[in-house]
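Quick note: the sequence shown, position 86, residue 86 per my numbering, numbers continuous.
Think of the CB as a built atom: it goes at the ideal place given N, C-alpha and C, for glycine as much as any other residue.
All values reported here derive from a predicted model rather than from experimental measurement.
Read the structure below first, then the notes.
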Amino acid sequence: MDMAALIAVIGVAFFFTYTNGFHDSANAIATSVSTRALTPRAALAMAAVMNLAGAFLGSGVAHTVSQGIIETPKGNQGMAILFAALVGAIAWNLVTWYFGLPSSSSHALFGGMVGAALAGGIGVIWNGVIDKIVIPMILSPVVGLIGGFIVMLAILWIFRRANPHRAKRNFRVAQTASAAAMALAHGLQDAQKTMGIVVMALTISGHQTAGDIPVWVKISCATMLSLGTYAGGWRIMRTLGRKIIELDPPQGFAAEATSSVVMYITSFVFKAPISTTHVITAAIMGAGATKRLRAVRWGVAKNIVLGWFITMPAAAVVAALVYWFVHLFWG
1 MDMAALIAVI GVAFFFTYTN GFHDSANAIA TSVSTRALTP RAALAMAAVM
51 NLAGAFLGSG VAHTVSQGII ETPKGNQGMA ILFAALVGAI AWNLVTWYFG
101 LPSSSSHALF GGMVGAALAG GIGVIWNGVI DKIVIPMILS PVVGLIGGFI
151 VMLAILWIFR RANPHRAKRN FRVAQTASAA AMALAHGLQD AQKTMGIVVM
201 ALTISGHQTA GDIPVWVKIS CATMLSLGTY AGGWRIMRTL GRKIIELDPP
251 QGFAAEATSS VVMYITSFVF KAPISTTHVI TAAIMGAGAT KRLRAVRWGV
301 AKNIVLGWFI TMPAAAVVAA LVYWFVHLFW G
């Protein structure tokens, strides 16, 4: 086994995690920043710390990624497949970040894995793809949309007699906690996805036989995600925080609280790697729709949803092209 190939795959995996951090940092803090509950730098620092902590809360998602999507490839061909999958995901992250489109880093990775596996003649575990990726990809935004709407309705009813200005001020404080919970859930979900890839690389290279995740892998992935988060994704933050709807603090709290609950349940109960981007975007739409349906800029929302559907195929195509090029060198 070529040690250089292993180092290259792990290095690219860490870079993917970094892009995941700055691409998806908006998920956790856009609503809090847009409602002025937190300053941008304070929000990013908090999100980075909570991302780091969340990465150590579980390992179910990592095992799903490493064992439930594609058959474990072997030898240098396997390294080429993992390398191509990561490059495909990174390419999509950078393109969508440039255009300020809140797409899913997670589904870019999964699309890259499937595309590279098909190009390399490795089996895809289609039951796992459908059960753990496609179905949650469809259901989680629906739950986020409905949940955000219901939670916001409950807030409006509970605080119907409260002073509006005082209530908004209190919800700005509450958003500090909901944004922290969101960032913790993001770390729980997204750091584990890269851990799963690194574990696959170590298994292919013969450096690991068990499914346990080494501590150094957890620390490295969590650190890179946190560094990327602190770098910030301002373009996407503007889309989530302002372009979909002008949020007020209660709506921001409802969206963040709903998204956090959905992500904790899918992580611990179903061990399904869902997209934090999908859930928070849908929850923002749901919370905003309680004001009035026209308050949500559905044209912007439509473009975002279209981006969701092309993420996996686009990353898969790039990954397949990269694999056909890389395998000439790695065999």
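Using a Cβ-Cβ cut-off of 6 Å (strictly less than) and excluding sequence neighbours within five positions of Thr96, which residues of its own chain qualify? Ser103
Roughly how many angstroms separate the alpha carbons of Gly147 and Phe309, rounded to a whole number? 22 Å
Using DSSP bridges, identify the partner residues of Val318. According to DSSP, Val318 bridges with nothing at all.
Mind checking Trp126: buried by the 16 CB within 10 Å criterion, or exposed? exposed
Take Ile155 and list the residues in its own chain whose beta-carbon comes closer than 7 Å to its own, dropping the five residues that flank it on each side. Pro250 and Ala254
I'd like the list of long-range same chain contacts for Thr311, defined as Cβ closer than 7 Å, with 5 residues on each side in sequence excluded. Trp92, Ser103, Ser104, His107, Ala108 and Gly111
Report back the beta-carbon spacing between Ala341 and Leu145 to the nearest angstrom; my notes put them in contact at under 8 Å. For residue 341 there is no data in the structure shown, the boundaries of the chain being 1 and 331.
Tell me whether Val261 sits in a helix, a strand or coil according to DSSP, three-state version. helix
Tell me whether Ile69 sits in a helix, a strand or coil according to DSSP, three-state version. Looking at Ile69 - three-state DSSP - the assignment turns out to be coil, as it is neither helix nor strand.
Sort out for me which residues DSSP pairs Val124 with in a bridge. Ile70
Cβ-Cβ distance between Ile122 and Ile70 below 9 Å: yes
How would you label Asn163, buried or exposed, when you count the other beta carbons within 10 angstroms and need 16 or more for buried? Sixteen is the threshold: since fewer than 16 other Cβ atoms of the shown chains lie within 10 Å of the Cβ of Asn163, the residue is exposed.
Which residue marks the beginning of the alpha helix (DSSP H) containing Ile197, and which one marks its end? Gln192 to Ser205
Close-in-space but distant-in-sequence residues of the same chain around Thr194 (CB under 7 Å, 5 per side omitted): The residues are Ala13, Phe16, Thr17 and Cys221.
If we ignore side chains and look at the alpha-carbon of each, how far apart do Val199 and His186 end up? 20 Å
Measuring only the C-alpha atoms, how far is Ala180 from Phe325? 42 Å
Buried or exposed: where does Gly241 fall if 16 or more other Cβ atoms within 10 Å of its Cβ makes it buried? For Gly241, the pLDDT reaches just 49, beneath the cut-off of 50, and the residue's location in the model is therefore unreliable, although a value from the coordinates is still provided. When all chains shown are included, Gly241 counts as buried.
Beta-carbon separation of Ser205 and Met79 under 9 Å? Cβ distance < 9 Å, so Ser205 and Met79 count as in contact.
Cβ neighbour criterion (16 or more within 10 Å) applied to Gly88: Taking every protein chain shown into account, the CB of Gly88 has 16 or more other CB atoms within 10 angstroms, so this residue is buried.
Thinking C-beta only, is Ser267 closer than 9 Å to Ile140? Per the sequence shown, the amino acid found at residue 140 is Ser instead of Ile. No, the pair does not count as a contact, with Cβ atoms beyond the cut-off.
Taking only three categories from DSSP, how would you classify Ser103? coil
Residue nearest to Asp190 in terms of C-alpha spacing, selected from Ala117, Ser226 and Thr176: Ser226
Thr223 (DSSP reduced to helix, strand or coil): helix
What number of angstroms, rounded off, separates the C-alpha of Gly228 from the C-alpha of Ala84? 21 Å
Whole angstroms is fine: what's the gap from Gln192's alpha carbon to Arg161's? Each residue's alpha carbon lies about 44 Å from the other.
CB-CB under 6 Å to Lys132, same chain, minus the five flanking residues each way: which ones, in chain order? Thr64, Gly68 and Ala272
State buried or exposed for His207, treating a residue as buried only when at least 16 other CB atoms are found within 10 Å of its CB. The residue in question, His207, is exposed, as its Cβ has fewer than 16 Cβ neighbours within 10 Å.
Can Thr258 and Val124 be called in contact, C-beta distance under 9 Å? no
Is it buried or exposed, Arg41, if we count other Cβ atoms within 10 angstroms and call 16 or more buried? exposed
Buried or exposed for Pro136, please, with buried defined as at least 16 other CB atoms from any protein chain shown within 10 angstroms of its CB. buried
Assuming Asp2 and Asn76 form a contact by the criterion Cβ under 8 Å, report the distance between their Cβ atoms to the nearest whole angstrom. 6 Å
Alpha carbon of Ile219 to alpha carbon of Ala45, nearest angstrom: C-alpha separation (whole angstroms): 18 Å.
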